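Here the protein sequences line up with chains A and B, keeping their order.
So in our numbering, spot 83 of the first sequence is number 83, and the numbers just go up one at a time.
So in our numbering, spot 44 of the second sequence is number 44, and the numbers just go up one at a time.
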Amino acid sequence: MSDQTHIRILIAKPGLDGHDRGAKIVARALMDAGFEVVYTGLHKTPEQIVESALQEDVDYVGLSILSGAHMTVFAKVKELMAAQGLADIPLFGGGIIPDDDKAKLLDMGVDAIFGPGTSTKDVVEWVREHSGLPKEAGVPA
Amino acid sequence: MKIAWPDLVDRWHQRDRRALARLLTLVENDTAQFDLLNQLHRGDYQGQVIGVTGAPGVGKSTFISRLVHHYAERGERVGCLLIDPSSPFSGGAILGDRIRMLPEEATERVFVRSLASRGSSGGLALAAARMTLAMLHFGMDRVIVETVGAGQTDHDIYHIADTVCILVAPGGGDHIQAIKAGIFEIADVFVVNKADLPGAEITQAEITEMLHTFDAGKNWTVPVLTVVSKRNEHMAHAAETFDKHFAELQESCDWKGRKVRRHTYAYDTYIQFQVMRTIARAHNHDPKVESLRSSVTQLAVDPIVAGAEAFRHIQGKDH
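Shown next as structure tokens:
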């Protein structure tokens with residue numbers, strides 16, 4: 001058993017998008033890196049996602065969006081998080097997100113976007129760095 | 001690191017869900033100050049703890065989601081603790097039990113929290129008892145705890161629940177296997193889920209028969225129900241049965257006994273958690289202990305001799 005604090009990450013699939021392989025692969029990679037991943041399953045509304053983030057008191061919220069609806073969904077989730085007093089939780093995401101939109105999302109205040117071509121290693125490294133964990137992957141005993 | 005906000009106590013007493021969420025985190029990680037706990041855990045609580053256990057795949061999550069929906073529609077406040085196993089390799093976990101929870105319109109009344117077992121065996125996380133107490137003190141009418149679902153080894157639920165519900169599915173002989181594992185002694189209610197599948201009535205009859213041999217003169221005769229939780233069939237009857245059991249506990253004064261069991265288990269598991277953490281810390285920060293472990297990994301010493309020396313050192317007995 002480790003003496004480190006456990007980082008909890010919500011991975012959510014909003015809306016009509018039924019492609020969950022990417023989300024599951026990212027969830028698995030995060031689990032293998034020692035994080036606790038709350039996976040919401042498919043077809044969740046922004047309201048349900050934010051309510052889950054609230055109840056689970058997560059350290060990060062990640063959205064997987066392959067439907068093209070990312071601009072609306074991210075904006076809505078950010079708005080609801082702020083309304084629920086969760087604006088301090090870092091928000092990231094991935095899926096089919098063109099570079100132009102990625103830039104706009106980052107401007108909007110989304111903390112990171114992992115588009116097509118990025119690897120799960122990138123996501124894991126970002127979380128480790130963002131949460132101040134050492135570069136060396138220390139596997140809990 | 002998550003902290004207790006200055007107004008956490010006030011928000012808690014106003015039944016702010018965010019305060020519950022934050023306290024659950026503090027309690028799970030053991031970073032709550034004790035005077036905070038004393039302020040929040042005041043007085044007695046009235047809610048019922050229902051423990052749901054059973055082998056993987058019998059439908060615990062679906063059953064619980066229907067149960068929660070039933071209680072919420074009646075205007076009750078329901079809290080859920082859904083436990084999934086941590087990876088023994090990475091220490092991480094995928095907590096996927098939320099997936100099957102129905103969307104609840106009445107979010108003010110339903111609170112669902114996932115937790116990882118964090119190395120604990122026995123079906124629960126070491127933190128489960130103290131997180132259950134937090135939900136009870138928050139004012140939940142029902143707290144439903146779902147175990148990891150290794151099936152036959154999930155006995156710990158007996159120590160925190162008022163009502164232990166064992167879920168089985170038809171056929172497969174799990175109930176025959178279960179008799180070997182002490183499950184019959186801890187059950188208050190048996191539920192045969194997926195009763196639309198062949199063999200459900202036979203399973204129900206076989207379990208009923210087996211229960212006769214365990215009927216150790218209890219006030220309560222353990223019923224064996226059938227439901228099809230995915231179609232919400234007979235779920236109201238299941239809920240009524242849990243109500244009846246709770247009423248029986250209160251009338252027979254066994255309710256106090258369950259509370260004593262729960263509080264004792266919370267105490268025991270908290271101490272166990274502290275011991276394990278002390279040992280982990282020693283292995284990360286104490287050079288003598290680290291070097292003893294390292295000699296074991298080099299096959300240079302007998303593991304028990306090294307372990308005894310390390311433990312003596314951790315206890316401070318080797319000066």
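Just so you know, even glycine gets a beta-carbon here, dropped at the ideal spot from N, CA and C.
Keep in mind the model is a prediction, meaning the values are calculated, not measured.
Residue i burial status per 10 Å Cβ neighbour count (16 or more: buried)
i: Tyr60 of chain A; result: buried
i: Gly138 of chain A; result: For Gly138 of chain A, the pLDDT reaches just 48, beneath the cut-off of 50, and the residue's location in the model is therefore unreliable, although a value from the coordinates is still provided. So Gly138 of chain A counts as exposed.
i: Pro170 of chain B; result: buried
i: Arg109 of chain B; result: buried
i: Ala310 of chain B; result: buried
i: Cys323 of chain B; result: What is shown of chain B runs 1 to 319, which leaves residue 323 of chain B out entirely.
i: Met1 of chain B; result: exposed
i: Thr62 of chain B; result: buried
i: Ala82 of chain A; result: exposed
i: Lys13 of chain A; result: buried
i: Gln14 of chain B; result: exposed
i: Lys72 of chain A; result: According to the sequence as given, residue 72 of chain A is Thr; it is not Lys. Exposed: under 16 other Cβ atoms inside 10 Å.
i: Leu126 of chain B; result: buried
i: Asp162 of chain B; result: buried
i: Leu66 of chain A; result: buried
i: Arg312 of chain B; result: exposed
i: Asp84 of chain B; result: buried
Cβ of residue i within 8 Å of any chain B Cβ
i: Ser119 of chain A; result: no
i: Met81 of chain A; result: no
i: Met1 of chain A; result: Because Met1 of chain A carries a pLDDT of 47, less than 50, the predicted location of this residue cannot be relied on, and the following value inherits that uncertainty. Taking Cβ atoms only, chain B reaches closer than 8 Å to Met1 of chain A, which makes this a yes.
i: Asp32 of chain A; result: yes
i: Val38 of chain A; result: yes
i: Leu54 of chain A; result: yes
i: Gly85 of chain A; result: yes
i: Ala141 of chain A; result: Per-residue confidence for Ala141 of chain A stands at a pLDDT of 39, beneath the threshold of 50, marking its modelled position as unreliable; the derived number appears in the next sentence. Interface residue, yes.
i: Val20 of chain A; result: Sequence inspection shows Asp at residue 20 of chain A; the Val mentioned does not correspond to that position. It does not: the Cβ of Asp20 of chain A has no partner Cβ on chain B nearer than 8 Å.
i: Ala23 of chain A; result: no
i: Phe35 of chain A; result: yes
i: Asp88 of chain A; result: no
Enclosing beta strand (DSSP E) for residue i [first to last residue]
i: Glu146 of chain B; result: Arg142 to Glu146
i: Tyr60 of chain A; result: Tyr60 to Ile65
i: Leu115 of chain B; result: Val110 to Ala116
i: Gly79 of chain B; result: Val78 to Asp84
i: Ala12 of chain A; result: Arg8 to Ala12
i: Ile113 of chain A; result: Ala112 to Phe114
i: Phe89 of chain B; result: That residue, Phe89 of chain B, is in no beta strand (DSSP E); it is neither H nor E in DSSP.
i: Val49 of chain B; result: Gln48 to Thr53
i: Leu91 of chain A; result: Leu91 to Gly95
i: Phe190 of chain B; result: Val189 to Val192
Integer Cβ distance of residue i from residue j, believed to fall under 8 Å
i: Asp196 of chain B; j: Glu146 of chain B; result: Actually they are not in contact, since the Cβ atoms of Asp196 of chain B and Glu146 of chain B sit about 22 Å apart, beyond 8 Å.
i: Arg20 of chain B; j: Phe138 of chain B; result: Inspection of the sequence shows that residue 20 of chain B is occupied by Leu rather than by Arg. About 5 Å separates the two Cβ atoms, so the contact holds.
i: Lys78 of chain A; j: Met31 of chain A; result: Not quite, the Cβ-Cβ distance comes to about 26 Å (not below 8 Å), so this is no contact.
i: Val189 of chain B; j: Val222 of chain B; result: 7 Å
i: Arg17 of chain B; j: Leu10 of chain A; result: With a Cβ gap of about 16 Å, Arg17 of chain B and Leu10 of chain A do not count as contacting.
i: His212 of chain B; j: Gly182 of chain B; result: With 8 Å as the limit, His212 of chain B and Gly182 of chain B do not qualify as a contact, their Cβ atoms being about 17 Å apart.
Residue span of the alpha helix (DSSP H) that contains residue i, given as start and end
i: Val305 of chain B; result: Pro303 to Gln315
i: Glu79 of chain A; result: His70 to Ala83
i: Tyr258 of chain B; result: Before going on, a small fix: residue 258 of chain B reads as Arg here, not Tyr. Arg258 of chain B -> alpha helix (DSSP H) spans Asp254 to His285.
i: Phe35 of chain A; result: Unbroken run through Phe35 of chain A: none, as it is neither H nor E.
i: Leu8 of chain B; result: Leu8 to His13
i: Leu37 of chain B; result: Phe34 to Leu40
i: Thr221 of chain B; result: Where Thr221 of chain B is concerned, there is no enclosing alpha helix (DSSP H), given that its DSSP letter is neither H nor E.
i: Leu211 of chain B; result: Ala200 to His212
i: Leu67 of chain B; result: Lys60 to Glu73
Test: residue i CB closer than 8 Å to a CB of chain A
i: Met131 of chain B; result: no
i: Ala116 of chain B; result: yes
i: Met210 of chain B; result: no
i: Met135 of chain B; result: no
i: Met1 of chain B; result: yes
Proximity test, residue i beta-carbon vs the ligand ZN heavy atom, cut-off 7 Å
i: Arg74 of chain B; result: Among the components of this structure there are no ligands whatsoever, and the ligand ZN is therefore not found.
Between the stretch 141 to 163 of chain B and chain A, which residues of the former have CB atoms less than 7 Å from a CB of the latter, in chain order?
-> none
Report the residues of the stretch 13 to 38 of chain B with a CB closer than 7 Å to any CB of chain A, ordered along the chain.
-> Arg17, Arg18, Ala21, Arg22, Leu24, Thr25 and Asn29
Interface positions of the stretch 84 to 114 of chain B facing chain A (Cβ-Cβ less than 7 Å), listed along the chain | Ser87, Ser90, Gly91, Gly92, Ala93, Ile94, Leu95, Gly96, Arg98, Ile99, Pro103, Thr107, Phe111, Val112, Arg113 and Ser114
The stretch 242 to 259 of chain B: positions lying closer than 8 Å to chain A by Cβ = none
Interface positions of the stretch 39 to 51 of chain A facing chain B (Cβ-Cβ less than 9 Å), listed along the chain | Tyr39, Thr40, Gly41, Leu42, Lys44, Thr45, Glu47, Gln48 and Glu51
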